[in-house]
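Student: According to this note's numbering, the sequence shown is numbered sequentially starting from 1.
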Amino acid sequence: MNNAEPTSDRVTRSDRLTPAQVTDVLALAGAAGNADGADPFDEHTLLRLRDPQAPAIHLSARAPDGTLTGYAHLDTTDPATGIGVELAVHPAHRRRGVGRALARGVLEAAAGPVRAWAHGDHPSAAALAVDLGLGRDRVLWQLRRPLTAPPAAPRLPDGVELRPFVPGTDDEAWLALNARAFASHPEQGRWTAADLRVRLAEPWFDPAGFLLAVESATGRLLGFHWTKVHERPGSARTGEVYVLGVDPGAHGGGLGRALTAAGLAYLRDRRGLDRVMLYVDESNTAAVALYQRSGFALWSAHVNYRSS
């Protein structure tokens with residue numbers, strides 16, 4: 001990509017996409033994900049694509065015949081910390097300068113610092129980032145493990161029990177716990193009631209797979225393991241440790257290990273899955289160690305590049 005000639009495709013900017021344009025973007029994302037082995041857009045971007053009220057800048061590259069050849073999504077929610085960027089080029093239109101044209105459009109549209117994700121850590125994305133003056137800032141690992149053998153049985157601390165999440169009842173308490181558990185996390189700790197509601201409304205949501213650890217005597221939330229199941233036509237069903245958190249005051253008692261084991265058992269025994277994945281920051285050594293002890297191993301890396 002870094003040696004490509006300038007593209008003849010036209011890059012346009014808009015603040016809203018029509019339903020037909022969203023369909024085009026999702027089809028492009030599917031083709032790119034199948035070719036690269038890593039989806040180009042994360043869940044946050046996909047949810048925003050379907051929300052016409054979400055503040056964003058959309059850059060679209062189209063060939064002279066109107067074919068969508070590339071797309072960049074700019075999340076303008078919090079420009080003070082940097083515009084969030086995700087970009088994809090259709091596999092059939094690569095090495096023609098489309099990615100470079102979109103990237104330059106991103107820098108012009110952002111008019112300030114940007115945070116750009118390269119899912120899968122592909123060499124072409126790294127080369128493009130260097131050429132545009134973006135530095136490697138953060139690495140998110142995807143870990144995986146098989147579920148063909150039963151995971152370790154959960155061993156809850158004394159006075160703690162598990163129950164499923166109850167939508168409409170547990171929302172406020174869970175949001176407060178999530179904020180405490182992820183106080184230093186750049187995305188997860190900032191979830192709002194709207195962020196939670198949109199995910200509870202997703203087709204994949206299953207309250208039985210959203211496990212809460214509560215203090216038996218008081219009902220106080222101490223931790224949680226929210227699982228997810230990915231079902232894509234033509235691909236094997238895969239479970240996910242979607243979010244796992246423990247109240248800072250409950251650390252050190254083995255609750256994280258017990259919640260991990262309980263979620264894995266649910267995905268294997270209740271949902272019939274034979275593989276599971278999760279995402280964790282490379283720098284979160286405590287969480288990485290917990291997951292490695294639970295049988296997870298590195299599958300792929302996703303890199304966030306930041307402009308100075």
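Even for Gly, the Cβ is constructed at its ideal location relative to N, Cα and C.
Going along the chain, which unbroken runs of the alpha helix (DSSP H) with 4 or more residues stay wholly within the stretch 82 to 107?
Tutor: none
Student: Would you check if the distance between the CB atom of residue 146 and the CB atom of residue 211 is smaller than 8 Å?
Tutor: As a working mapping, residue 146 is identified with position 146 in the sequence shown. As a working mapping, residue 211 is identified with position 211 in the sequence shown. Cβ atoms of residue 146 and residue 211: not closer than 8 Å.
Student: For residue 120, does the three-state DSSP call read helix, strand or coil?
Tutor: Working through the sequence shown from its first residue, we reach residue 120 at position 120. Coil.
Student: According to DSSP, what are the bridge partners of residue 75?
Tutor: As a position in the sequence shown, residue 75 is number 75, starting the count at 1. According to DSSP, which records beta bridges pairwise, residue 75 is partnered with 56 and 84.
Student: Please classify residue 117 as buried or exposed, where buried requires at least 16 other C-beta atoms within 10 Å of its C-beta.
Tutor: Your numbering for residue 117 matches position 117 in the sequence shown. Residue 117 should be labelled buried.
Student: Measuring alpha carbon to alpha carbon, tell me which residue in 142, 56 and 134 is nearest residue 278.
Tutor: Position 278 of the sequence shown, counted from the first residue, corresponds to residue 278. Cα-wise, what sits closest to residue 278 is 142.
Student: Tell me whether residue 48 sits in a helix, a strand or coil according to DSSP, three-state version.
Tutor: Locating residue 48 in the sequence shown gives position 48, where the first residue counts as 1. Here residue 48 sits in helix by DSSP.
Student: Please name the residue or residues paired with residue 62 in a DSSP beta bridge.
Tutor: One-based indexing of the sequence shown puts residue 62 at position 62. Its beta-bridge partners are 10 and 68.
Student: Could you tell me which residues DSSP pairs with residue 279 in its beta bridges?
Tutor: For this step, residue 279 is matched to residue 279 along the sequence shown. For residue 279, which the question treats as bridged, DSSP gives the partners 142.
Student: Secondary structure at residue 186, three-state DSSP: helix, strand or coil?
Tutor: For this step, residue 186 is matched to residue 186 along the sequence shown. Reduced to three states, the DSSP call for residue 186 is coil.
Student: Measure how close the beta-carbons of residue 160 and residue 255 come, nearest whole angstrom, since I'm counting them as under 8 Å.
Tutor: Residue numbering aside, residue 160 sits at position 160 when the sequence shown is read from its first letter. Residue numbering aside, residue 255 sits at position 255 when the sequence shown is read from its first letter. Between residue 255 and residue 160 the Cβ distance is about 7 Å, and since that is below 8 Å, they are a contact.
Student: Write down the C-beta distance between residue 237 and residue 273 rounded to the nearest angstrom, noting that I regard them as a contact closer than 8 Å.
Tutor: Numbered from 1 along the sequence shown, position 237 holds the residue referred to as residue 237. Numbered from 1 along the sequence shown, position 273 holds the residue referred to as residue 273. Going by Cβ atoms, the distance from residue 237 to residue 273 rounds to 6 Å, so yes, they are a contact pair.
Student: Could you please give me the residues that DSSP links to residue 164 through a beta bridge?
Tutor: For the purposes of this step, residue 164 is taken as residue 164 along the sequence shown, with counting starting at 1. Residue pairing for residue 164: DSSP places it in a beta bridge opposite 211.
Student: Are the CB atoms of residue 214 and residue 221 nearer to each other than 8 Å?
Tutor: Locating residue 214 in the sequence shown gives position 214, counting from the first residue. Locating residue 221 in the sequence shown gives position 221, counting from the first residue. Contact: yes.
Student: Whose CA, out of 294, 85, 207 and 187, lies closest to the CA of residue 153?
Tutor: If you number the sequence shown from 1, residue 153 lands on position 153. Nearest option by C-alpha distance: 294.
Student: Going by the beta-carbon positions, is the gap between residue 115 and residue 82 smaller than 8 Å?
Tutor: Counting from 1 along the sequence shown, the entry for residue 115 is found at position 115. Counting from 1 along the sequence shown, the entry for residue 82 is found at position 82. Taking 8 Å as the Cβ cut-off, residue 115 and residue 82 qualify as a contacting pair.
Student: For residue 280, count neighbouring C-beta atoms within 10 Å of its own C-beta (all shown protein chains included) and say buried if the count is 16 or more, exposed if not.
Tutor: Locating residue 280 in the sequence shown gives position 280, where the first residue counts as 1. Buried, by the Cβ-count rule.
Student: Are the stretch 10 to 22 and the stretch 162 to 177 touching by the rule of at least three beta carbon pairs closer than 8 Å?
Tutor: no
Student: With a cut-off of 8 Å, do at least 3 Cβ pairs link the stretch 32 to 50 to the stretch 119 to 129?
Tutor: yes
Student: Less than 8 Å between the beta carbons of residue 59 and residue 102, yes or no?
Tutor: Position 59 of the sequence shown, counting from 1, holds the residue named residue 59. Position 102 of the sequence shown, counting from 1, holds the residue named residue 102. Cβ distance < 8 Å, so residue 59 and residue 102 count as in contact.
Student: Would you mind sorting residue 1 into buried or exposed? The rule is 16 or more other CB atoms within 10 Å of its CB.
Tutor: Residue mapping note: residue 1 aligns to position 1 of the sequence shown, counting from 1. Reliability fails at residue 1, whose pLDDT of 36 lies under 50, so the model's placement of it is uncertain and the value that follows must be treated cautiously. Flag for residue 1 reads buried.
Student: With a threshold of 7 Å, establish whether the CB of residue 152 neighbours any heavy atom of the ligand ATP.
Tutor: The ligand content of the structure shown is nil, which means the ligand ATP is not present either.
Student: Excluding the five sequence neighbours on either side, which residues of its own chain have a C-beta within less than 6 Å of the C-beta of residue 100, listed in chain order?
Tutor: Within the sequence shown, the letter at position 100 stands for residue 100. Result list for residue 100: empty, nothing under 6 Å.
Student: Just how far apart, CA to CA, sit residue 158 and residue 298?
Tutor: Counted from its first residue, the sequence shown places residue 158 at position 158. Counted from its first residue, the sequence shown places residue 298 at position 298. When the Cα atoms are used, residue 158 and residue 298 turn out to be separated by approximately 33 Å.
Student: Kindly identify the DSSP beta-bridge partner or partners of residue 301.
Tutor: The residue you call residue 301 lines up with position 301 of the sequence shown. The partner list for residue 301 (beta bridge, DSSP) reads 141.
Student: Are residue 31 and residue 91 touching if we call contact CB-CB under 8 Å?
Tutor: For the purposes of this step, residue 31 is taken as the residue at position 31 of the sequence shown. For the purposes of this step, residue 91 is taken as the residue at position 91 of the sequence shown. Yes, these two residues count as a Cβ contact at 8 Å.
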